[in-house]
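Colleague: Handing you this structure, nothing more for now.
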Amino acid sequence: MYKEELVKQLLSIKLFASLRQAMNSDEIKIDIDNEITVLQMKQIIFETFLNLKKLNIPFFVAVNHKHAMDSDIISIHDEIALFPHVSGG
Amino acid sequence: MITITENPIDVNKLLDYVSDPSSGASVLFTGTVRDHNQEGKVSKLHYEVYQEMAEKILQEIENEINTKWKINKFIAIHRTGTLKVGEISVAVAVSSDHRKEAFEACKFGIDSIKEKAPIWKKEFTESGTKWVEAIAK
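Residue numbers (this note's numbering), protein chains in the order written: chain B, 290 to 378; chain H, 3 to 139.
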C-alpha cells in the first residue's frame, strides 16, 4: 500500500511599495502543503520572514487581483500579492 | 477607457477623447505633484503600480460609473515612474449631456481611484524618501 506523502510546494508572493523595499525583492516564496488559507499563509510568512513581521506595516492580501479574506483558500496556482494601503492619485 | 502610462499625460488628448456631439458638458480633473507635504518640501514623487490588478480595478470603476450616471464618454489615466513637481500624475475626463452627471461621475472616478487602485507613491523630501501609505478609514 502506498503511503501518501505530502509534497511541499513553493508559493510565490508578490510584494509592492514599502514591503518590496523592506525585503529588497519584488517576490518572496514560502513552502506550503497543497492548499492553505490566507491566514495560514500570513502565519508562515511571519515565521519565515522575521524582518517583515518587525516592520509592522498593515498590509492587504490580493488573490488573483482581488482583495482576499483570511478564510480564502489558496494554492500555488493562484497569483498572490501583499501590499500596504494604497496611495495613488 | 483607462490607462496606466509611463509617459506625460496630455490633457488636450483627454478632452478630445471625451468630446462628443451629443455632450453639452465635459469635466476634466488633474492631480499634480505638489511641492510640499505636511512636514516640508517635496522635490519629486515615485509611483509604483500593480499593473494587472490596477487595470481590473480601474475597469470596475468605469463600469460602476456607467451604471450610476448617464454619461457619454469616460477616460482615466494614471502615471507610473518618477514625476517632478507640477507634472500631472492622474487625470479623469467625463462628458455628458448636462454638467451635473459629468461633475458627479468625475468626482466619483478620482475618489475611487485614490481609494481602490493598487498604486503607491514615494515622496522625495529634504530628509530622505518616504512611502505614503494612507491609513484605512
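Just so it is clear, CB atoms sit at the ideal spot from N, CA and C, and this is done for glycine as well.
Just so we're clear, the structure is a prediction, and the values are computed from it rather than from any experiment.
#1: Closest by CA to H:Phe110, which one among H:Asp37, H:Ile63, H:Arg81, H:His100?
#2: Would you call the CB atoms of H:Ser98 and H:Val20 closer than 7 Å?
#3: Please report whether the beta-carbon of B:Ala357 lies at a distance below 7 Å from any beta-carbon of chain H.
#4: Per DSSP, what kind of secondary structure is B:Ala370 in: helix, strand or coil?
#5: Kindly say whether H:Met55, judged by its beta-carbon, lies nearer than 7 Å to any beta-carbon of chain B.
#6: Verify the CB distance criterion: does H:Glu135 have a CB-CB separation below 7 Å to chain B?
#7: By the three-class DSSP mapping on this structure, what secondary structure does B:Gln298 have?
#8: Which of helix, strand or coil does DSSP assign to B:Asp361?
#9: In whole angstroms, give me the CA-to-CA distance for B:Arg309 and H:Ala27.
#10: Please list the partners that B:Phe372 has in chain C, where partner means a Cβ-to-Cβ separation under 8 Å.
#11: Buried or exposed for H:Pro10, going by 16 or more other Cβ atoms inside 10 Å?
#12: Are the segment 362 to 370 of chain B and the segment 317 to 326 of chain B touching, with three or more C-beta to C-beta distances below 8 Å?
Modeller: Let's see:
#1: Sequence index remark: in the second sequence, residue 110 of chain H carries index 108 (1-based). Here the closest residue by C-alpha is H:Ile63.
#2: Position 96 of the second sequence holds residue 98 of chain H. Position 18 of the second sequence holds residue 20 of chain H. Contact check for H:Ser98 against H:Val20 fails: the beta carbons are separated by 7 Å or more.
#3: Residue 357 of chain B sits at position 68 when you count from the first residue of the first sequence. By this cut-off, B:Ala357 is not an interface position.
#4: Numbered from 1 along the first sequence, position 81 holds the residue referred to as residue 370 of chain B. Of the three classes helix, strand and coil, the one that applies to B:Ala370 here is strand, per DSSP.
#5: As a working mapping, residue 55 of chain H is identified with position 53 in the second sequence. Chain B contact via Cβ: present.
#6: As a position in the second sequence, residue 135 of chain H is number 133, starting the count at 1. Closer than 7 Å to some Cβ of chain B, the Cβ of H:Glu135 qualifies, so yes.
#7: By 1-based counting over the first sequence, the position of residue 298 of chain B is 9. Secondary structure of B:Gln298 (DSSP, three-state): strand.
#8: Walking along the first sequence from the start, residue 361 of chain B turns up at place 72. If DSSP states are grouped into helix, strand and coil, B:Asp361 belongs with coil.
#9: Position 20 of the first sequence, counting from 1, holds the residue named residue 309 of chain B. Position 25 of the second sequence, counting from 1, holds the residue named residue 27 of chain H. Linking B:Arg309 to H:Ala27 through their CA atoms gives a straight-line distance of about 43 Å.
#10: Although the question refers to chain C, the structure presented lacks it and instead comprises the protein chains B and H.
#11: If you number the second sequence from 1, residue 10 of chain H lands on position 8. With fewer than 16 other Cβ atoms within 10 Å, it is exposed.
#12: The segment 362 to 370 of chain B makes contact with the segment 317 to 326 of chain B: 3 or more CB pairs, one atom from each, lie closer than 8 Å.
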